[in-house]
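J.:
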């Protein structure tokens with residue numbers, strides 16, 4: 040048998056079959072594989088009826104030997120013969136000695152599961168086939184304590200997803216053979232969604248109340264041209280897959296202390312975030328946190344020997360008691376208006392970038408595990424040329440030339456100031472309670488208008504009320520806090536509650552010094568009123584695509600004939616969120632009745648997600664394993680940027 044030969048030469052199965060069929064490793068210069076996501080992001084939404092396998096095939100259950108026989112029988116046949124796999128296949132405990140020969144069943148926990156094929160790809164060039172397995176509770180044996188709450192369930196599912204991904208990678212099972220030649224072998228890889236540094240709710244792995252584990256993944260069924268490589272497929276499915284499942288989903292095969300540490304860390308982070316409001320804080324940064332990342336294209340932490348651990352100024356230090364790790368101490372950022380100031384390259388933006396993803400929990404050793412922020416915090420920036428539809432931006436912009444109405448402002452080509460005003464108002468409309476702003480990515484004329492400019496351009500000639508004049512009333516009237524990174528606009532000292540100077544990545548409380556400086560300067564006029572936050576009712580015709588929906592990248596969706604650009608949504612962190620956003624927009628369009636506001640529709644979406652404990656309801660596909668649940672704030676931001684969007688206003692003073 041091939042498997043015996045593989046063992047004798049010390050080669051894993053993936054490498055053996057890639058060599059045999061002429062495939063290249065993922066590190067080959069002609070076929071770089073730097074990211075699994077970059078290949079998977081051509082996710083397509085099918086707008087028709089859900090396609091499921093026919094009942095005549097779905098309910099047919101066969102054993103593992105029959106799966107092996109099918110793959111042998113279709114070897115060298117036309118690719119369409121892979122549809123013979125549209126059955127359920129039972130891997131039973133009795134199969135363990137035969138197909139898990141590297142494990143001694145007398146010394147190891149037994150294995151049993153059922154394999155289901157949810158979609159068989161049309162050919163080797165098409166999107167991979169989708170499958171899922173279900174592992175009975177008595178086999179997986181995940182302790183109930185690890186998934187007894189929603190937070191712990193999410194954390195252990197995240198852990199299992201990483202286990203499968205890492206096991207596939209270590210076995211070489213995630214490396215796809217690829218060649219430009221039609222007659223060369225292609226495919227042959229198994230992959231699951233590749234998680235980021237964040238612990239998020241995904242559809243890749245689920246643990247049900249009774250402890251049953253369901254895992255969803257992709258398989259590139261191998262072929263040479265359009266001829267099936269049956270023996271290779273047999274190696275992947277019959278031999279490699281059970282090993283991956285055993286390594287990833289059977290608790291007896293895991294380091295119990297490692298799993299518990301992962302779950303406990305996530306639970307502690309969630310508990311910490313939930314205590315912020317009662318402590319009158321919007322954010323917290325743990326002492327010892329490692330905030331810098333390795334590079335602009337890597338979210339991994341900077342090496343601890345290079346990075347400077349975060350240390351709170353004594354005046355801002357606060358402690359919390361957490362359920363698992365006990366007491367934790369760090370810097371608390373109070374509600375209100377907080378400035379981070381300092382020289383260039385001293386760490387201001389680094390802190391803000393850590394805070395903006397503080398809405399998510401992080402894996403242990405990320406360095407940002409206990410950097411948490413108000414769950415409704417939104418990063419705001421300017422965004423030239425974006426589309427805006429019927430947005431009330433009067434709190435910031437009035438009396439535009441040519442009598443343009445800013446109470447219901449629309450444009451297909453927003454300026455920096457109008458885009459930033461709309462971003463803020465749209466975020467407030469759907470519940471944002473903290474704004475994160477970096478001076479470097481803002482429209483200067485929106486942020487400030489100094490005394491000299493006021494003398495030259497009088498208020499009757501300037502339609503923009505700068506943010507500095509509204510930031511106080513936004514907090515006092517609407518309880519919306521703001522954290523700003525400021526490098527050159529010292530006028531903000533007069534409106535700040537807290538000023539923190541970053542000096543070589545070390546924070547210093549300079550609030551008193553900043554206030555004294557502000558007292559010696561001209562005071563900035565403040566608006567006592569902020570203005571109204573207007574709610575809008577979306578119209579369904581603006582959200583129905585006139586073609587396919589493809590998730591191209593993390594920040595780009597092809598929505599029918601238009602591109603939906605999401606580059607300004609800096610809190611999107613996984614392409615699974617983007618995929619979910621694309622399909623959720625279509626789902627929400629069917630809920631739009633001309634009565635419910637955007638905020639109400641988003642509430643309905645969250646209720647449905649909680650009820651289903653999954654995002655399956657937004658998909659037209661069976662058992663989608665490629666979603667990550669987005670926040671309502673990013674979902675709303677995407678809806679607002681769709682160039683075909685249509686809204687009517689519902690005023691709420």
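Numbering (the working numbering), first residue to last: 40 to 692. We put the CB at the ideal spot given by N, CA and C, even for glycine.
Just confirm the distance between the C-beta atoms of residue 486 and residue 463, as a whole number of angstroms; I'd bet it's less than 8 angstroms.
T.: In the chain shown, counting from the first residue as 1, residue 486 sits at position 447. In the chain shown, counting from the first residue as 1, residue 463 sits at position 424. Contact flag wrong, Cβ pair sits at about 12 angstroms.
J.: Name the DSSP beta bridge partners of residue 155, please?
T.: Along the chain shown, read from residue 1 onward, the residue named residue 155 stands at position 116. Paired residues: 127, 171.
J.: Assign residue 688 to one of three DSSP states: helix, strand, or coil.
T.: Locating residue 688 in the chain shown gives position 649, where the first residue counts as 1. Strand at residue 688.
J.: Beta-carbon within less than 7 angstroms of residue 386's beta-carbon, same chain only, minus the 5 sequence neighbours each way: which residues are those?
T.: Here residue 386 refers to the residue found at position 347 of the chain shown. Answer for residue 386: 541, 544, listed in chain order.
J.: Taking just the CA atoms, how far does residue 512 sit from residue 233?
T.: One-based indexing of the chain shown puts residue 233 at position 194. One-based indexing of the chain shown puts residue 512 at position 473. In a straight line, the C-alpha of residue 233 is about 43 angstroms away from that of residue 512.
J.: Quick one: grab the DSSP three-state call for residue 563.
T.: The count along the chain shown starts at 1 and reaches residue 563 at position 524. If DSSP states are grouped into helix, strand and coil, residue 563 belongs with coil.
J.: Could you pull the DSSP bridge partners for residue 356 from this structure?
T.: Counting from one through the chain shown, the residue named residue 356 turns up at place 317. Note: residue 356 sits in a beta bridge opposite 370.
J.: To which residues does DSSP link residue 574 through a beta bridge?
T.: For the purposes of this step, residue 574 is taken as the residue at position 535 of the chain shown. Looking at the DSSP assignment, residue 574 forms a beta bridge with 689.
J.: In three-state DSSP terms, what is residue 100?
T.: Residue mapping note: residue 100 aligns to position 61 of the chain shown, counting from 1. Strand, per DSSP.
J.: Looking at the strands, I want to know which residues DSSP matches up with residue 237.
T.: Locating residue 237 in the chain shown gives position 198, where the first residue counts as 1. Paired residue(s): 401.
J.: What does the Cβ neighbour count give for residue 225, buried or exposed, with the cut at 16 atoms within 10 Å?
T.: Here residue 225 is taken as the residue at index 186 of the chain shown, counted from 1. Looking at its Cβ environment, which holds 16 or more other Cβ atoms inside 10 Å, residue 225 is buried.
J.: Who are the near neighbours of residue 277 in its chain, counting only those whose CB is closer than 8 angstroms to its CB and skipping five residues on each side?
T.: Here the question's residue 277 lines up with position 238 in the chain shown. If we look at residue 277 and ignore the five residues flanking it on each side, its Cβ neighbours are 103, 106, 107, 110, 138.
J.: Does the beta-carbon distance from residue 601 to residue 475 come in below 9 angstroms?
T.: Working through the chain shown from its first residue, we reach residue 601 at position 562. Working through the chain shown from its first residue, we reach residue 475 at position 436. Going by C-beta atoms, residue 601 is not nearer than 9 angstroms to residue 475.
J.: Tell me which residues share the same chain as residue 371 and place their Cβ nearer than 7 angstroms to its Cβ, disregarding the 5 neighbours each side in the sequence.
T.: If you number the chain shown from 1, residue 371 lands on position 332. Once the five neighbours on either side are set aside, the close Cβ partners of residue 371 are 318, 320, 323, 355, 357.
J.: Per DSSP, what kind of secondary structure is residue 429 in: helix, strand or coil?
T.: On the chain shown, residue 429 is found 390 positions in, with the first residue counted as 1. In this structure, residue 429 counts as strand in the three-state DSSP scheme.
J.: Taking residue 168 as the reference, which of 310, 617, 118 has the closest Cα?
T.: Looking up residue 168 in the chain shown gives position 129. Selected option, being the one with the closest Cα: 118.
J.: Kindly list the residues whose CB is nearer than 6 angstroms to the CB of residue 302, restricted to its own chain and excluding five residues on each side of it in sequence; keep chain order.
T.: Translated into positions along the chain shown, residue 302 becomes position 263. Cβ within range, chain order: 185, 191, 194, 195.
J.: Bridge partners for residue 340 per DSSP, in chain order?
T.: Residue mapping note: residue 340 aligns to position 301 of the chain shown, counting from 1. Partner(s): 332.
J.: Can you give me the C-alpha to C-alpha distance between residue 249 and residue 304, rounded to a whole angstrom?
T.: Along the chain shown, read from residue 1 onward, the residue named residue 249 stands at position 210. Along the chain shown, read from residue 1 onward, the residue named residue 304 stands at position 265. Cα to Cα, residue 249 sits roughly 24 angstroms from residue 304.
J.: How is the alpha helix (DSSP H) around residue 308 delimited, first residue to last?
T.: In the chain shown, the residue the question calls residue 308 occupies position 269. Start and end: 295-313.
J.: Contact between the region 238-249 and the region 333-353 is defined here as three or more beta-carbon pairs at a separation below 8 angstroms; is this criterion met?
T.: No, the region 238-249 does not touch the region 333-353.
J.: Look up residue 718 in the DSSP assignment and say whether it is helix, strand or coil.
T.: There is simply no residue 718 to check, as the chain begins at 40 and stops at 692 in what is shown.
J.: Can you give the beta carbon distance from residue 340 to residue 405, rounded, assuming they're within the 8 angstroms contact cut?
T.: Counted from its first residue, the chain shown places residue 340 at position 301. Counted from its first residue, the chain shown places residue 405 at position 366. Confirmed, about 6 angstroms.
J.: Measuring only the C-alpha atoms, how far is residue 465 from residue 458?
T.: On the chain shown, position 426 is the one that residue 465 refers to. On the chain shown, position 419 is the one that residue 458 refers to. Those two C-alpha atoms are separated by around 10 angstroms.
J.: Who are the Cβ neighbours of residue 338 in its own chain at under 7 angstroms, not counting the five residues just before and after it?
T.: As a first step, residue 338 is located in the chain shown; it is residue number 299 there, counting from the start. Here the set comprises 235, 236, 332.
J.: List the endpoints of the continuous alpha helix (DSSP H) containing residue 346.
T.: Taking the first residue of the chain shown as 1, we reach residue 346 at position 307. Careful: residue 346 lies outside any alpha helix (DSSP H) and carries neither H nor E.
J.: Answer yes or no: do residue 573 and residue 477 have a C-beta to C-beta separation smaller than 9 angstroms?
T.: Taking the chain shown and counting its residues from 1, the one referred to as residue 573 is at position 534. Taking the chain shown and counting its residues from 1, the one referred to as residue 477 is at position 438. Not in contact: residue 573 and residue 477 (Cβ atoms no closer than 9 angstroms).
J.: Check for me: the alpha helix (DSSP H) holding residue 418 runs from which residue to which?
T.: Against the chain shown, residue 418 aligns to sequence position 379. Here residue 418 belongs to no alpha helix (DSSP H); instead the beta strand (DSSP E) covers 416-419.
J.: What is the rounded straight-line gap between the Cα of residue 470 and the Cα of residue 113?
T.: Working through the chain shown from its first residue, we reach residue 470 at position 431. Working through the chain shown from its first residue, we reach residue 113 at position 74. Taking the straight line from one Cα to the other gives about 56 angstroms.
J.: Just tell me which of 685, 564, 652, 646 has its CA closest to the CA of residue 671.
T.: Here the question's residue 671 lines up with position 632 in the chain shown. Selected option, being the one with the closest Cα: 646.
J.: State the Cα-Cα distance for the pair residue 593 and residue 684, rounded to the nearest angstrom.
T.: Against the chain shown, residue 593 aligns to sequence position 554. Against the chain shown, residue 684 aligns to sequence position 645. Approximately 21 angstroms between the Cα atoms of the pair.
J.: Residue 537 lies in the beta strand (DSSP E); which residues open and close that run?
T.: Position 498 of the chain shown, counted from the first residue, corresponds to residue 537. Its beta strand (DSSP E) spans residues 537-542.
J.: Between residue 163 and residue 262, how many whole angstroms is the CB-CB distance? I'm expecting something under 8 angstroms.
T.: Translated into the one-based positions of the chain shown, residue 163 becomes position 124. Translated into the one-based positions of the chain shown, residue 262 becomes position 223. So it is a contact: roughly 4 angstroms between Cβ atoms.
J.: I need the boundaries of the beta strand (DSSP E) containing residue 321, first residue and last residue.
T.: Stepping through the chain shown from its first residue, residue 321 is reached at position 282. First-last of the beta strand (DSSP E) with residue 321: 320-325.
J.: So, at 6 angstroms on beta carbons, what are the nonlocal neighbours of residue 687 in its own chain, with the 5 sequence-adjacent residues on each side left out?
T.: Start at 1 with the first residue of the chain shown, and residue 687 comes out as number 648. Excluding sequence neighbours, residue 687 sits near 576.
J.: By the DSSP assignment, the beta strand (DSSP E) with residue 424 in it spans what residues?
T.: Within the chain shown, residue 424 is the residue found at index 385, counting from 1. No beta strand (DSSP E) holds residue 424; DSSP gives it neither H nor E.
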